[in-house]
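The structure appears right after this line, and notes come after that.
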Amino acid sequence: MQPTITIPHGWKYPRFTLSQRAEQGLIIGIKYYPIDSFLAYEYGEGWLYIVMPDINSIDEGNHLENEIKLLTPQELRAEIQAEIEKCLRQLELLKYELKTIPGIVINN
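Residue numbers (our numbering): 1246 to 1353.
Structure representation (structure tokens):
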């Protein structure tokens, strides 16, 4: 069952969602700064997105909604295809590793 997320009355809805891929990286979190809060005064009212620039990175970046730029369909396709190819190479390496274990017969 999917969790339900409720946006409080008076808040704008976010333009982007978790796990969307943007030029800045993968969106992994979202915060909201209400108009009358200290953080809104410091950074601006609205949504702040937490982005991981690289899936293997420990770094995270914070970006305001107007700073996020989604990948074009062509860029998104290329990124996903590269990820698929990387996984396929990893799968082949794991299959090879299995074949090197003495006493195990693998049927492909």
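Note that CB positions come from ideal geometry on N, CA and C, so glycine has one too.
* **Of the listed residues Tyr1294, Gln1335 and Lys1257, nearest to Ser1264 (C-alpha basis)** => On the sequence shown, position 19 is the one that residue 1264 refers to. Per the Cα distances, Tyr1294.
* Asked: CB-CB under 6 Å to Gly1274, same chain, minus the five flanking residues each way: which ones, in chain order?
  -> One-based indexing of the sequence shown puts residue 1274 at position 29. Here the set comprises Ile1295.
* To do: For the beta strand (DSSP E) holding Tyr1277, just list the boundary residues, first then last.
  => If you number the sequence shown from 1, residue 1277 lands on position 32. Gly1270 to Tyr1278 is the extent of the beta strand (DSSP E) around Tyr1277.
* Can you tell me whether His1254 is buried or exposed, with buried defined as 16 or more other CB within 10 angstroms of its CB? -> As a working note, residue 1254 is residue 9 in the sequence shown. Burial call: exposed.
* To do: Measure the C-alpha to C-alpha separation of Gln1269 and Ile1300 and round it to an integer number of angstroms.
  => Here residue 1269 is taken as the residue at index 24 of the sequence shown, counted from 1. Here residue 1300 is taken as the residue at index 55 of the sequence shown, counted from 1. If I take the Cα positions, the gap works out to 12 Å.
* From Gln1319, Ile1252, Ile1325 and Gly1306, residue whose alpha carbon lies closest to that of Gly1291 -> Translated into positions along the sequence shown, residue 1291 becomes position 46. Closest by alpha carbon: Ile1252.
* Chain-order list of residues whose beta-carbon lies under 8 Å from that of Trp1256 (same chain, five-residue window excluded) -> Locating residue 1256 in the sequence shown gives position 11, where the first residue counts as 1. Hits under 8 Å: Tyr1277 and Pro1279.
* **Neighbourhood of Tyr1288 by C-beta, 8 Å cutoff - its chain only, sequence neighbours within 5 removed** => Here residue 1288 is taken as the residue at index 43 of the sequence shown, counted from 1. For Tyr1288, same chain residues with a beta-carbon under 8 Å away, outside a window of 5 residues either side, are Tyr1278 and Leu1309 in chain order.
* Per DSSP, the bridge partner or partners of Ala1267 -> Locating residue 1267 in the sequence shown gives position 22, where the first residue counts as 1. According to DSSP, residue pairing for Ala1267 in a beta bridge involves Gly1270 and Leu1315.
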